[in-house]
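Residue numbers (the working numbering): 15 to 310.
Right, one structure below, let's go through it.
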Amino acid sequence: MSAPVIETNLPGLPVTRGKVRDVYDLGDRLLLVSTDRISAFDWILPTPIPDKGRVLTQVSNFWFRSLPIDHHLIETDVRQMDLPAGADLDALAGRTILVRKTEVVPIECVVRAYLSGSAWAEYRQHGGVAGISMPSGLRESERLPAPLFTPATKAAQGDHDENITFAEMQAIIGVELAEQLRQLSLDVYAHGARRAAEIGIILADTKFEFGIVDGQPILIDEVMTPDSSRFWPADVYEVGRGQPSFDKQFVRDWLSASGWDKNSQPPKLPNEIVEKTRAKYIEACERITGEKFPWS
15 MSAPVIETNL
25 PGLPVTRGKV
35 RDVYDLGDRL
45 LLVSTDRISA
55 FDWILPTPIP
65 DKGRVLTQVS
75 NFWFRSLPID
85 HHLIETDVRQ
95 MDLPAGADLD
105 ALAGRTILVR
115 KTEVVPIECV
125 VRAYLSGSAW
135 AEYRQHGGVA
145 GISMPSGLRE
155 SERLPAPLFT
165 PATKAAQGDH
175 DENITFAEMQ
185 AIIGVELAEQ
195 LRQLSLDVYA
205 HGARRAAEIG
215 IILADTKFEF
225 GIVDGQPILI
235 DEVMTPDSSR
245 FWPADVYEVG
255 RGQPSFDKQF
265 VRDWLSASGW
275 DKNSQPPKLP
285 NEIVEKTRAK
295 YIEACERITG
305 EKFPWS
């Protein structure tokens, strides 16, 4: 098991640190480094998950290479990147990508095909999701009649993303771009769901981000990873309850049962939870990409 990478340091390069990624500005390009930090309930947890950043990066890279859509990825090999002298290439390997800089669209483009998470809570309260009316009598984790596009505003670090209606999205970014992003999101989800089904995984929901280059939207950030998606094992799927998953729901469940109030500093994760979470992430990576995880 590799030592966890919590924070990176590339001297001379401006850096912005998000919940998970360190983003270095190279002018017309960005260097994205996925650390092993893990967040839940809008908190960065004090305990990292070793190699988690590599899993997110390898899964995203797989999708970028296989999707029939323009995206921001330029280079994945740290040896081919012009990094500062003394950069720890071994620590950066597998978790670092060079990408095009874009004008980021301030919308989380969420596609839901199953009734789970905040969508399940909203349905129980309002009988619909994101302003979309739904049939009555649906149960938790039930497959929806058709995948739903449910946008959200991108929150500043530490704040909650806010679900909005499609009409509100149109008002924020314009009718034409909103229509483009909705169709692109549904198309990319359909591609991912087909691939997941082939390997016995249900892609219950996922979120995408887009940026604008030369007036056109391209796919950016991470794509259909265990952090941005709900992956369920198809062989134990059962309507009417929460599902076991390959994502960080495992950590969320432990935190919820720990007695933590979610309003103060979160507790450290036990070694058992760290090891099981790492194993879940790696299993998802290997099943999705069809390749052995190089850092096992």
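Don't be surprised by glycine CBs; every beta carbon is placed ideally from N, CA and C.
From a predicted model like this one, the values you see are computed outputs, not experimental measurements.
query	result
Unbroken beta strand (DSSP E) run spanning Val125, endpoints	Ile121 to Tyr128
Arg114, DSSP secondary structure in three states	strand
Contact set for Arg292: own chain, Cβ-Cβ below 8 Å, skip 5 residues either direction	Met15, Ile63, Pro64, Asp65 and Lys66
Pro341, buried or exposed, once every other Cβ within 10 Å from all chains shown has been counted against 16	Limits of the chain in this structure are 15 at one end and 310 at the other, which puts residue 341 out of reach.
Alpha-carbon to alpha-carbon, Ile226 and Thr116	5 Å
Buried versus exposed call for Lys306 [16 or more other C-beta atoms within 10 Å across all chains shown]	exposed
Proximal residues to Gly172 (C-beta, below 7 Å), its chain only, five neighbours per side dropped	Low local confidence applies: a pLDDT of 47 at Gly172 is under 50, so the model's placement there is unreliable, with the coordinate-based value given in what follows. Here the set comprises Asp56.
Contact check, Thr179 vs Ala135, beta carbons under 8 Å	no
Inter-residue CB distance, Leu24 and Ala99 (contact presumed, cutoff 8 Å)	Not really, about 10 Å apart at Cβ, beyond 8 Å.
Given Pro120 as reference, the closest of Leu233, Glu300, Ile232 and Phe224 once Cα atoms are compared	Phe224
8 Å contact criterion, which Thr303 and Phe76 should meet: CB distance rounded	4 Å
Limits of the unbroken alpha helix (DSSP H) element including Gln184	Phe180 to Ile187
Member of Leu45, Phe163, Pro18 and Ile20 whose CA lies at the smallest distance from the CA of Val29	Leu45
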